[in-house]
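Undergrad:
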Amino acid sequence: CTGPSSMLAKGGCNKCKHAKRSDSGKQPLCLYATGKPKDVCRDNNLTRYYATASSNEMLVAEFECDECSEECLSCSGYGTSVKRHKCTCAHYLTKTVSNNDYCTMKCKMDSFMVRPRSGSTIGECERCDELCDLSMGCTGRSSTNCTRCAKAGISKGDKLTCLERCPDDHPFIAEDKICHVTDPTAYALKKRIYIIIISVLCAAVLIAFIAGITINCVKYKKRYQRELEMNLPSIPEYEQTDPSMRPNMTRLCIITSENLEKTQQSLGQGAFGTVFLGYWWPKGKDEGEKLAVAIKVVHDGSGTAHQEMLQEAGIMACMRHEHLLRLVGVCLSDGMQIVTPMRPLGSLKNYLKKYRQKLGARDLLLYCYQIASYIEIWLREMY
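Taken in order, the sequence shown gives residues 1 to 383; the numbers are from UniProt numbering.
1. Under three-state DSSP, which class holds Arg343?
2. Rounded to the nearest angstrom, what separates Asn216 and Arg223 at their Cα positions?
3. How about the stretch 302 to 320 and the stretch 279 to 290: do they share at least three Cβ pairs that are nearer than 8 Å?
4. To which residues does DSSP link Phe172 through a beta bridge?
5. Looking at the structure shown, is Ile254 part of a helix, part of a strand, or coil, going by DSSP?
6. Count the CB pairs spanning the stretch 55 to 68 and the stretch 24 to 44 that are closer than 8 Å, and state whether there are at least three.
7. Just to confirm the assignment, what range does the alpha helix (DSSP H) spanning Tyr351 have?
8. Run through the DSSP bridge pairs and tell me what Ser199 is partnered with.
9. Given a cut-off of 9 Å, decide if Pro28 and Met58 are closer than it, judged by their beta-carbon atoms.
10. Near Asp242, what residues of its chain come up, given a Cβ to Cβ distance below 8 Å and the 5 sequence neighbours on each side ignored?
11. Can you determine whether any heavy atom of the ligand FAD sits closer than 8 Å to the C-beta of Lys349, and answer yes or no?
12. Run through DSSP, which three-state label would Pro247 get?
13. By DSSP, does Cys107 sit in helix, in strand, or in coil?
14. What is the residue span of the alpha helix (DSSP H) that Val40 lies within?
15. Taking a contact to mean a Cβ-Cβ separation below 9 Å, would you say Cys107 touches Cys132 in this structure?
16. Under a Cβ-count criterion, where at least 16 other Cβ atoms within 10 Å of its own Cβ denotes burial, should Thr2 be classed as buried or exposed?
17. Taking the DSSP output, what are the residues bridged to Tyr279?
18. Need the endpoints of the beta strand (DSSP E) that residue 401 sits in, please.
19. Can you say whether Asp129 is buried or exposed, counting buried as having 16 or more other CB atoms within 10 angstroms of its CB?
20. Give the C-beta separation of Lys262 and Ile295 to the nearest angstrom, bearing in mind that I take them to be a contact with Cβ-Cβ under 8 Å.
21. Using only the alpha-carbon positions, how far apart do Lys15 and Leu46 sit?
22. Let me know the secondary structure DSSP gives Met309 once reduced to three states.
23. Which residue or residues does DSSP assign as beta-bridge partners of Met7?
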């Protein structure tokens, strides 16, 4: 030695006859055996230690005391077996059918609790039956107490009985290790086929139902159109105007060329000239309010044509009819120009040509009535 210390270090022993194996980072402690060498741990009051042969004879000559597993209060070797390692349990004792009992900190998944730990009394567990799936646990020692079977089993209601293999009357086994009378794979396939067939039939019925409703709606619409054509509307009455009423030229609005702008977009041809798209500023261009209008320009520049157009404008100014386009005013600059409101749907003639395939007798009769009701009044005023 190099000093009075019992540590295997400088200032202590150079080599121990016996030693206590220390934790990592610490030097071993040399021990003295008063009796048999194998009792060195007990002689030094190391109750949770066991004697084992030296792992390094250069430092320890005979035995080392190593600490027992934490599941043990005392032991004769490192491990938790009661029989092999003489482990005295500190927390729970787990019993097995093969009498290979061992100590644990608590009841593991492959066992069930028989008695809980209470005070100084250790708890007791018992290992599940070998036919049980040990990773799923159990509730008792019998093969009927398994949560899931390891090899095979028969389920009757809530009761599961684990077996070594499937019996002859239940020859088919599923993924969950349950034996069945019929093949579960074939049954699942047949069930899937039934579901597909039922789904297709339901879809076909739904499509047929929708198709039936659509066909009925189309038939109803056609029948409704035929009934409208067969039951034409009655011609409404209109108020007669006074035959003695003469055009009032003072009601004409004279529009200056500064407040009127004619574009090159033609809207159609009239009896006296061409109709163009234009814009009118009622309060002048400085005010910013602009209205879209239709401007009818007279082709014939003779005084007679101008006089006739002016007379027509006067009649339009004094007449009020629900089917007559109201007169905005007259512009006398650059020839005779009659200004009327711009209709976004265009002229009736073009509309009739465009939609002649969709217009029925009822629509045409109403158009005829509306046109004739105004023309009658207009002719009366003109002649």
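Even glycine gets a Cβ: it sits at the ideal position worked out from N, Cα and C.
TA: Here's the rundown:
1. Correct three-state label for Arg343: coil.
2. Whole-angstrom Cα-Cα distance: 10 Å.
3. Result no; under three Cβ-Cβ pairs closer than 8 Å.
4. In DSSP, Phe172 forms a bridge with His180.
5. In the three-state reduction of the DSSP assignment, Ile254 falls in the strand class.
6. Three or more Cβ pairs drawn from the stretch 55 to 68 and the stretch 24 to 44 lie within less than 8 Å of each other, which places the two stretches in contact.
7. DSSP places Tyr351 in the uninterrupted alpha helix (DSSP H) bounded by Leu348 to Lys354.
8. Answer is none; Ser199 lacks a bridge partner.
9. Cβ distance not < 9 Å, so Met58 and Pro28 don't count as in contact.
10. Residue placement at Asp242 is flagged as unreliable, the pLDDT there being 49, under the threshold of 50; a coordinate-derived value is accordingly withheld.
11. In terms of ligand content, the structure shown is empty, and the ligand FAD therefore cannot be addressed.
12. Residue placement at Pro247 is flagged as unreliable, the pLDDT there being 47, under the threshold of 50; a coordinate-derived value is accordingly withheld.
13. Coil.
14. Val40: member of the alpha helix (DSSP H) spanning Val40 to Asp43, first to last residue.
15. Result no, Cβ atoms of Cys107 and Cys132 do not sit closer than 9 Å.
16. Exposed, since its Cβ has fewer than 16 Cβ neighbours within 10 Å.
17. DSSP lists Glu261 and Ala292 as the beta-bridge partner residues of Tyr279.
18. It is not possible to answer for residue 401, since the shown part of the chain is limited to 1 through 383.
19. A residue is called buried once 16 or more other Cβ atoms fall within 10 Å of its Cβ, and Asp129 is buried on that count.
20. Confirmed, Cβ separation roughly 5 Å.
21. Cα to Cα, Lys15 sits roughly 21 Å from Leu46.
22. In the three-state DSSP reduction, Met309 falls in the helix class (H, G or I).
23. Residue pairing for Met7: DSSP places it in a beta bridge opposite Leu29.
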